[in-house]
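Following: one structure in structure tokens, then a few remarks.
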Amino acid sequence: MSYGTIGKPDHVRRAAIMGDYGRARREFSWTHARLELSGLPGGTGLNIAHEAVDRHAAHPARRGRTAVRFLDRDGTVHELTYGELARRSNRFANALGTLGVRPGERVFTLLGARPELYVVAFGTLKARAVLAPLFSAFGPEPVRCRLELGEAAVLVTTPALYRRTVAPIRDALPRLRHVLVVGPPGEDGCSLDALLDAAGPEYRIGPTDPQDPALLHFTSGTTGTPKGAVHVHEAVVAHHATARAALDLRPDDVYWCTADPGWVTGTSYGIVAPLVVGATLVADAREFDVRRWYRVLDEQRVTVWYTAPTALRMFMAAGPEEARRHDLSALRLIASVGEPLNGEVVVWADAVLGRPVHDTWWQTETGAIMIANFAGSDIRPGSMGRPVPGIGAGLLEQGPDGRAVVAPDGRVKVLHGEAEGELALRAGWPSMFRGYLDAPERYAECFADGWYLTGDIARRDRDGWYWFVGRADDVIKSAGHLIGPFEVESTLMRHPAVAEAGVIGVPDPAAGEIVKAFVTLRAGAEPSVELRRELLAFVRRELGAVAPKSVEFAPALPHTRSGKVMRRLLRARELGLPEGDLSTLENAAALTAGSP
Ligand code: PRX
């Protein structure tokens, strides 16, 4: 269904940082974008922490401004000025030195939203160590796997997460040298507070090559272990440019990004971008709740809100009355990311919240927003928008597997005009990932003929707007979180009753997709309601929030001739869709439900 176009009045266009899209694209250059940042004093390089914190702290008019306004569970508000954040992150950088952490080593956080997060994040970047944030709702297994893959030197966590998630795996991580726990000295790990108190508040950031690694984000593919996408300090150029162009973010904004700090959005736009711009960021310790979120928007006078389609759909489901109880007049821009945003939500928000939603598209690998509906441009509800200035997007001809066809000479076929194909980006923007940790061949496979291949299928209309069609692979998107079916299947198969597992995403009106598992059982195990309950509890304990919501017993799973579970077929059968090309099917397994 088409929702037409939501036009922007002239005064809105004129007031936006980027009022004229065509002109901005023509005139944009990354070299110029870099010059809007200051660089380290003495020309010693480019460091994210300097751009986000120290350069504001060094400025008498900006030092006392609020960088972080943190809303705690008990209603307390903690504020950190740019000056305070500079000094505290200096202390953490010094503390890392005392612990013997060297540039390039990895500091992981498993923190959720906490004021310490910002101190640890920027202290790590100042010390030129690599910041690797983890999702706090992960269970012990995904955390262990990522700490091991990332060769974590330091992990910073909370007492509760230590007990729940870290303690069960601590002995399995001999290379993890330090576990720092926020709060005063307790029974577990080393006290972060004591360490900060003992460290000095002055720190001079060492020379930082813009190509030095800065951030490590794990993401999931269809097969194999999670992939660690490495980003460099130069990414800050894209964080800054896109925060301005796509989010229209300015120093006097009160900005709220609702993404968990353990995912890329929660770092690029939840920590770095708003502070590079010099704005005040609002962070909230509590879980999602429609009423409270309305209160935060209202009471904090949020001007720019970056959120996710799942949350917006829940706002919509809660009805318009709640919106009427709140004053949202401060809100200038609503943007969303992470999963398809249905046009209906955009139109609903325009009518009920008084502002449309600006969809944005990007990935862990791209490090920053690549395609967006801009503040100063019309919106096509349901469309992801147009490429941001400095980004070349294209569509490539697909083969039968859904991915771009790469000819033997390495060339791809670029489609022109109105088309559908694999979405690709001209390689070379500053926040492009520079590698997958220890997996150069996986990294190389992402590129062809000068393009980065995204794995997403998109359509472009005749005016150059991009529309999301689907993923070319089997990864699952649930409530905006990318979930690798392989990781879930491997965990299920560690249960003694399970012989094999196939995991897919099935549509869900609120979360977009939810995770569903099909399992075959080992000889001797029988399908039963109790076993299903036990399996659900098992995966929930091991995986945390990314665990499947339902498990179905199957007598057999369909395989390709090379032995891989055909998730595409599981999904087609589950949803009653056409089964497509079955030429690679090895066993025409009957998927008659074996569930009690
Ligand atoms: O499939 C696309 C979907 O999320 C994927 C990237 O997920 P992740 O690396 O976890 O990063 C999420 C936040 C940047 C994409 O390949 N995706 C992201 N934005 C959109 C989207 N799907 C549809 N519409 C979007 N706006």
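Residue numbering for the sequence shown follows UniProt numbering, starting at 1 and increasing by one per position. Beta carbons: idealized from backbone N, C-alpha and C, even for Gly.
### Query
Taking all protein chains shown into account, do 16 or more other C-beta atoms lie within 10 angstroms of the C-beta of residue 562, making it buried, or fewer, making it exposed?
To locate residue 562, count along the sequence shown from 1; it is residue 562. Burial call: exposed.
### Query
Would the beta-carbon of residue 469 fall within 9 Å of that of residue 363?
What you label residue 469 is simply residue 469 of the sequence shown in a count that begins at 1. What you label residue 363 is simply residue 363 of the sequence shown in a count that begins at 1. Not closer than 9 Å, so no.
### Query
Is it right to say residue 596 is buried, meaning 16 or more other beta carbons lie within 10 angstroms of its own, or is it exposed?
Position 596 of the sequence shown, counted from the start, is the residue given in the question as residue 596. Residue confidence is low: residue 596 scores 45 on pLDDT, short of 50, so the model does not pin down where it sits. Its coordinate-derived value is still stated next. Label assigned to residue 596: exposed.
### Query
Do residue 613 and residue 259 have their C-beta atoms within less than 9 Å of each other?
Lying outside 1 to 596, the shown extent of the chain, residue 613 is not represented and no answer is given.
### Query
Should residue 410 and residue 461 be called a contact, given that it needs their Cβ atoms to be closer than 9 Å?
The sequence position of residue 410 within the sequence shown is 410, counting from 1. The sequence position of residue 461 within the sequence shown is 461, counting from 1. It is not a contact, given that the beta carbons lie outside the stated cut-off.
### Message
For a quick check, are the C-beta atoms of residue 203 and residue 89 less than 9 Å apart?
### Response
On the sequence shown, residue 203 is found 203 positions in, with the first residue counted as 1. On the sequence shown, residue 89 is found 89 positions in, with the first residue counted as 1. In this structure, residue 89 lies closer than 9 Å to residue 203 by Cβ.
### Task
Return the chain-ordered list of same chain residues with a C-beta closer than 8 Å to the C-beta of residue 488, the five sequence neighbours on each side being excluded.
Mapped onto the sequence shown, residue 488 falls at position 488. For residue 488, where only same-chain residues beyond five positions count, the Cβ hits under 8 Å are 501, 503, 515, 517, 539, 543, 546, 547, 548.
### Query
Looking at the unbroken alpha helix (DSSP H) that takes in residue 145, where does it start and where does it end?
Position 145 of the sequence shown, counted from the first residue, corresponds to residue 145. Start and end: 140–149.
### Message
My output table needs one value for residue 405: the three-state DSSP class, helix, strand or coil.
### Response
For the purposes of this step, residue 405 is taken as the residue at position 405 of the sequence shown. If DSSP states are grouped into helix, strand and coil, residue 405 belongs with coil.
### Query
For residue 184, is the classification buried or exposed, using 16 other Cβ atoms within 10 angstroms of its Cβ as the cut-off for buried?
The count along the sequence shown starts at 1 and reaches residue 184 at position 184. Counting Cβ neighbours within 10 Å, residue 184 comes out exposed, since fewer than 16 surround it.
### Through-space distance from residue 223 to residue 484, alpha-carbon basis
Here the question's residue 484 lines up with position 484 in the sequence shown. Here the question's residue 223 lines up with position 223 in the sequence shown. If you take the alpha carbons of residue 484 and residue 223, they lie about 7 Å apart.
### Cutoff 7 Å; reference residue 431; Cβ partners in own chain excluding five residues on either side
Here residue 431 corresponds to residue number 431 of the sequence shown, with the count starting at 1. So the list reads 231, 235, 238, 239, 366, 367, 368, once near-sequence residues are dropped.
### Message
Taking the alpha-carbon of residue 92 as reference, which of 127, 580, 527, 355 has the nearest alpha-carbon?
### Response
Residue 92 sits at position 92 when you count from the first residue of the sequence shown. The option with the nearest alpha carbon to residue 92 is 127.
#### Entry: Distance cut-off 8 Å: residue 602 Cβ against heavy atoms of the ligand PRX
Missing from the structure shown is residue 602; the chain here goes from 1 to 596 and no further.
### residue 524, DSSP secondary structure in three states
Counted from its first residue, the sequence shown places residue 524 at position 524. Here residue 524 sits in coil by DSSP.
### Query
Does residue 345 get closer than 9 Å to chain D when you measure Cβ to Cβ?
Protein chains in the displayed structure number just one, and chain D is not present.
### Task
Starting from residue 623, follow the alpha helix (DSSP H) in both directions and report where the run begins and ends.
Since the first residue of the chain shown is 1 and the last is 596, residue 623 is not available in this structure.
### Task
Determine the direct distance from the alpha carbon of residue 373 to that of residue 356, and round the result to whole angstroms.
Along the sequence shown, one-based indexing puts residue 356 at 356. Along the sequence shown, one-based indexing puts residue 373 at 373. Near 10 Å, if we compare the C-alpha coordinates of residue 373 and residue 356.
### Message
Please report the straight-line C-alpha distance between residue 325 and residue 254, rounded to a whole angstrom.
### Response
Reading the sequence shown from its first residue, position 325 is the one you call residue 325. Reading the sequence shown from its first residue, position 254 is the one you call residue 254. Cα to Cα, the separation comes out at about 21 Å.
### Task
Determine the contact status of residue 102 and residue 131, defining contact as a CB-CB distance below 9 Å.
Along the sequence shown, one-based indexing puts residue 102 at 102. Along the sequence shown, one-based indexing puts residue 131 at 131. Going by C-beta atoms, residue 102 is not nearer than 9 Å to residue 131.
### Message
Under 8 Å: does the beta carbon of residue 432 sit that close to some heavy atom of the ligand PRX?
### Response
On the sequence shown, position 432 is the one that residue 432 refers to. Checking the Cβ of residue 432 against the ligand PRX gives no.
### Alpha-carbon spacing of residue 52 relative to residue 40, whole angstroms
Reading the sequence shown from its first residue, position 52 is the one you call residue 52. Reading the sequence shown from its first residue, position 40 is the one you call residue 40. Their backbone Cα atoms lie some 12 Å apart in a straight line.
### Query
Which of the three DSSP states, helix, strand or coil, is assigned to residue 209?
For the purposes of this step, residue 209 is taken as the residue at position 209 of the sequence shown. Reduced to three states, the DSSP call for residue 209 is coil.
### Query
Does DSSP put residue 564 in a helix, in a strand, or in coil?
By 1-based counting over the sequence shown, the position of residue 564 is 564. Coil, per DSSP.
### Backbone CA spacing between residue 315 and residue 359 [nearest angstrom]
Here residue 315 refers to the residue found at position 315 when the sequence shown is read from its first residue. Here residue 359 refers to the residue found at position 359 when the sequence shown is read from its first residue. C-alpha separation (whole angstroms): 16 Å.
### Task
Kindly examine the ligand PRX and report whether one of its heavy atoms sits closer than 8 Å to the Cβ of residue 219.
By 1-based counting over the sequence shown, the position of residue 219 is 219. Yes, since a heavy atom of the ligand PRX falls inside the 8 Å radius drawn around the Cβ of residue 219.
### Query
Which residue or residues does DSSP assign as beta-bridge partners of residue 257?
As a working note, residue 257 is residue 257 in the sequence shown. 306.
### Task
Run the proximity test for residue 386: is its beta-carbon closer than 8 Å to any non-hydrogen atom belonging to the ligand PRX?
Start at 1 with the first residue of the sequence shown, and residue 386 comes out as number 386. With a cutoff of 8 Å, residue 386 does not count as near the ligand PRX, since its C-beta is closer than that to no heavy atom of the ligand.
### Task
Kindly indicate which residue of 422, 199, 145 has the alpha-carbon position closest to the one of residue 97.
Your numbering for residue 97 matches position 97 in the sequence shown. Cα-wise, what sits closest to residue 97 is 199.
### Other residues of its chain near residue 167: CB distance less than 8 Å, five sequence neighbours each side excluded
As a working note, residue 167 is residue 167 in the sequence shown. So the qualifying residues of the chain are 188.
### Task
Report whether the distance from the Cβ of residue 126 to the nearest heavy atom of the ligand PRX is below 8 Å.
Indexing the sequence shown from 1 puts residue 126 at position 126. Result no, Cβ not under 8 Å from the ligand PRX.
### Query
What span of residues does the alpha helix (DSSP H) with residue 351 cover, start to end?
Against the sequence shown, residue 351 aligns to sequence position 351. First-last of the alpha helix (DSSP H) with residue 351: 343–352.
### Message
Taking the beta carbon of residue 463 as the centre, do at least 16 other beta carbons fall within 10 Å, making it buried, or is it exposed?
### Response
Taking the sequence shown and counting its residues from 1, the one referred to as residue 463 is at position 463. Result: exposed.
### Message
I want to check one thing, is the minimum distance from the CB of residue 456 to the heavy atoms of the ligand PRX below 8 Å?
### Response
Within the sequence shown, residue 456 is the residue found at index 456, counting from 1. Yes, the Cβ of residue 456 comes within 8 Å of a heavy atom of the ligand PRX.
### Message
Just to confirm before moving on: does the CB-CB distance between residue 180 and residue 143 stay below 9 Å?
### Response
Start at 1 with the first residue of the sequence shown, and residue 180 comes out as number 180. Start at 1 with the first residue of the sequence shown, and residue 143 comes out as number 143. With respect to residue 143, residue 180 sits apart: the two C-beta atoms are not nearer than 9 Å.
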